[in-house]
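Heads up: the structure comes next, in structure tokens.
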Amino acid sequence: MVMTRTLRIQEKGAVFHVFSRGNLKLDILTGESHKKYFLDLLCRGAQKYMIDIFAFCIMDNHYHLSLRITIENLHEFMHFLGSSYANFLVRGGWVGHVFAGRYKAIRIDEEEYFLIVNRYIHLNPVEAGVVERPEDYNWSNYRDCINGTAGGWFDSSWLEEYFGCGSEPAGREYQAFVENALGEENNYPSDHKVVAQALLGSDAFLRRIKASIRQEKWSKGLIGHKELTRIPSLDEVLEAICEHLGIDSLEHGSYRADKRYRYACNLLIHMAREYTLTSFDDIAKVIGGIKENAASHRYLRFNKCLDEDKGMRARLLADEAGVLQILKSKGCIP
97 MVMTRTLRIQ EKGAVFHVFS RGNLKLDILT GESHKKYFLD LLCRGAQKYM
147 IDIFAFCIMD NHYHLSLRIT IENLHEFMHF LGSSYANFLV RGGWVGHVFA
197 GRYKAIRIDE EEYFLIVNRY IHLNPVEAGV VERPEDYNWS NYRDCINGTA
247 GGWFDSSWLE EYFGCGSEPA GREYQAFVEN ALGEENNYPS DHKVVAQALL
297 GSDAFLRRIK ASIRQEKWSK GLIGHKELTR IPSLDEVLEA ICEHLGIDSL
347 EHGSYRADKR YRYACNLLIH MAREYTLTSF DDIAKVIGGI KENAASHRYL
397 RFNKCLDEDK GMRARLLADE AGVLQILKSK GCIP
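So the numbering used here is basically just the index in the sequence shown, starting at one, shifted up by 96.
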């Protein structure tokens, strides 16, 4: 049987939430000596493979990392970490697999989820009932972050970048952010999901990653390949717009005389550029009677109108949602 693999969408500067669990959920990181050894491996690996570690938490049967790769070497770093620790346990008498399959790595949209993922990691001991407050747990870097003492082999510059002040006040700001979630269910945001077991981010972030996947030679055997490459075609978007607006087609309208037709054309140009990989030239051909430059000009002018006219923007958002729902019902988008 061929084991499927999840997508590892790597590029320089990419941020990941990485985690791995003991085989059969067994405790593989019990005791101070085991955690110290794993922490030493984490330090050595981060330096060897030039990995920026932002947040970590080592629990008895699993661990979480928030990190950035500076080159495309996440697999090499994780192989070093996993195999080195497994060898350490085997030398101590461990029999059988150490980790439950391959590690999980979720590519994170920094603007939307970086702080949320770090908070999730640092609240793990509280969620598990090990401690009442995250700063009471010895095997994460949370205490260093909030006290302004972070440094050395893991990266703490993100605190000042996100909270716009020195290390100590930034630490206090982060502590307040974390404590706001104490007592709440510590999960990923409920209104978003991890796409294809590999991505967590905004719609714009997902579209950019999907476009890069379409342009690369990714194996179709990878988990999530079909979902991530399911980008609607221009014809599918056109059909959904016509269905939503209740018009037959865009072929016989008059852009100047017919306001309804003009709006439908603008909606098509907007959604084609936002949700497909279609060029202005192809969009112009579908509309008919215009050139590539005209389609591009209409796109820019329509977007300017959306910025200036709240009523038009509200209409666009409502129609966009309706069209997307049609595309989703037809399996054109995940």
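Ideal placement from N, C-alpha and C gives every residue a C-beta, glycine not left out.
Supposed contact pair F152 and G178 - C-beta distance, whole angstroms, cut 8 Å = Contact flag wrong, Cβ pair sits at about 15 Å.
message = Suppose the cutoff is 6 Å on Cβ atoms and the five residues either side in sequence are ignored; what does the same chain contact list for F208 look like?
response = A small correction: the amino acid at residue 208 is Glu; Phe does not occupy that position in the sequence shown. Excluding sequence neighbours, E208 sits near G297, S298.
task = Measure how close the beta-carbons of C241 and Y270 come, nearest whole angstrom, since I'm counting them as under 8 Å.
result = A Cβ-Cβ distance of about 6 Å is found for the pair C241 and Y270, placing them in contact under the 8 Å criterion.
ask   = Would you report the Cα separation of G109 and R203, rounded to the nearest angstrom?
value = 11 Å
query = Which value, in whole angstroms, describes the spacing of the CA atoms of N243 and R229?
reply = 14 Å
query = Can you tell me where the beta strand (DSSP E) with Y159 in it begins and where it stops?
reply = 158-165
query = Can you name, in chain order, every residue of its own chain whose Cβ lies under 8 Å from the Cβ of A391, other than the five neighbours on each side?
reply = I365, F376, D377, I379, A380, I383
ask   = DSSP on G267, reduced to helix/strand/coil?
value = helix
task = Kindly indicate if chain C contains any beta-carbon less than 8 Å away from that of A368.
result = No chain C is present in this structure, which holds just one protein chain.
query = Where do the ends of the alpha helix (DSSP H) carrying C241 lie?
reply = 238-243
inquiry  = Looking only at its chain, what residues have a beta carbon closer than 7 Å to the beta carbon of P328, apart from the 5 residues adjacent to it on each side?
reply    = Cβ within range, chain order: Y371, T372, L423, C428, I429.
Buried/exposed call for A300, threshold 16 Cβ in 10 Å = exposed
task = On the DSSP bridge assignment, give the partners of H113 in chain order.
result = Answer is S162, I202, bridged to H113.
ask   = In terms of alpha-carbon separation, which member of R369, A368, C338, M367 lies closest to Y357?
value = C338
ask   = Who are the Cβ neighbours of L302 in its own chain at under 7 Å, not counting the five residues just before and after it?
value = V291, L295
request  = Classify I165 as buried or exposed, calling it buried when 16 or more other Cβ atoms lie within 10 Å of its own Cβ.
outcome  = buried
query = Taking I154 as the reference, which of A307, G118, A272 has the closest Cα?
reply = Comparing Cα-Cα distances from I154 to each of A307, G118, A272, the minimum goes to G118.
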